[in-house]
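Chains as they are written, first to last, in the numbering used here: chain A, 4 to 126; chain B, 4 to 126. Don't be surprised by glycine CBs; every beta carbon is placed ideally from N, CA and C. It should be emphasised that the depicted structure is a prediction, and the values quoted were computed from it without experimental measurement.
Number of protein chains: 2
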Amino acid sequence: MKKSAEINTTQVCRVRMQAITDAMSLLTGKWKFHILGTLIEGNKLGFMDLLRELDGIGSKMLSKELHDLEMNNLISKTILNTKPITVQYSITEYGKTLSPLIDALANWGINYRKSLYEKSELN
Amino acid sequence: MKKSAEINTTQVCRVRMQAITDAMSLLTGKWKFHILGTLIEGNKLGFMDLLRELDGIGSKMLSKELHDLEMNNLISKTILNTKPITVQYSITEYGKTLSPLIDALANWGINYRKSLYEKSELN
DNA sequence: GGAAGTACTTTCATATAGGAAACTACCGAG
DNA sequence: CTCGGTAGTTTCCTATATGAAAGTACTTCC
């Protein structure tokens, strides 16, 4: 006789759903995790560094994603008045709180690929 | 003098990058985490149940996403020959391995919202 | 036999994401 | 004064994602 939602109407679940939506709104797109991961590994990188590290990204995408991440306080940008002006992007303390999540995602992906490989070995 | 990538050329980083790409290819979209999360909470749900639980989703999207998730062995579908034919979707054992990731995402989202709230309280 | 329920699919339309290529602007080396 | 490097922006285009609404097919309840 259930004609309406039963599970996700509990307060706990609604909060969780909202939280997932929130988190995803900051992290969607093809490149955000890659950018964050790269900045966690290599502290302080310039625009051109990132362009080289992130295989396949274009300058427009990179520029846009860096803005988004900066707006959300996940990365920070420092402009240095060096001879040819340079810029340093780095992860913020708050951005570092994503480390476990990125690790979890990467590890899951590694195991996923492993499981596909094992499946194909059965032939 | 670095004119080429330095960080992501290490084997470890390339594997990580690939892993993130792999994982995301299965999990992108507005609804996949919500569907998986709902199926983890409420074991065995019908199509209409999910349509009610997932506030805002349309039947086309739900149908497509369920197919995708089933193709990737993250959920399973059982057709019951009940009076009006019913269907049961449930999470697979493999799908359950995403639980920690979904929890991490949800918890990060909860803290994110909390941090926004704290910021706005400073006014 | 009409309403309502299960489980989708189809059609049409729009929004957003993503990419290639060219362009700007500034600087130093040779 | 041209080449190459830094750090982007702009334009144009295509692909994918998402959504609303209606349709299909089958069944049971009243």
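- Only Val18, Arg19, Met20, Gln21, Ala22, Ile23, Thr24, Asp25, Ala26, Met27, Leu29, Thr31, Lys33, Phe36, His37 and Gly40 from the region 17-40 of chain B bring a Cβ to less than 8 Å from some Cβ of chain A.
- For the region 50-123 of chain B, the continuous alpha helix (DSSP H) assignments of 4+ residues that do not extend past its boundaries occur at 50-56, 62-74 and 96-99, in sequence order.
- Cβ proximity to chain A below 9 Å picks out nothing from the region 78-92 of chain B.
- Apart from sequence neighbours up to five positions away, the residues of its chain that approach Ile78/A with a beta-carbon distance below 8 Å are Ile38, Leu39, Leu42, Leu69, Leu72, Tyr92, Ser93, Ile94, Thr95 and Gly98, ordered along the chain.
- Any Cβ of chain B closer than 8 Å to the Cβ of Gly98/A would place that residue at the interface, and such an atom is absent.
- By the beta-carbon neighbour count (other beta carbons within 10 angstroms, threshold 16), Tyr120/B is exposed.
- Chain-order list of chain A residues neighbouring Tyr120/B: empty, with the shortest C-beta distance near 12 Å, by a criterion of under 9 Å.
- Of Arg17/A, Ser66/A, Asn46/A and Tyr115/A, the smallest CA-CA separation from Asn76/B is found for Tyr115/A.
- For Lys80/B, the closest C-alpha among the options Thr24/B, Lys86/B, Leu101/B and Leu53/B is that of Leu53/B.
- Between Ala109/A and Ala22/B, the C-beta spacing is below 8 Å.
- Judged by DSSP secondary structure, Gly40/B falls within the alpha helix (DSSP H) whose first and last residues are Lys35 to Glu44.
- Proximity of chain A to Gly112/B at the Cβ level (cut-off 7 Å) is accounted for by Ala22, Ile23, Asp25 and Ala26, in chain order.
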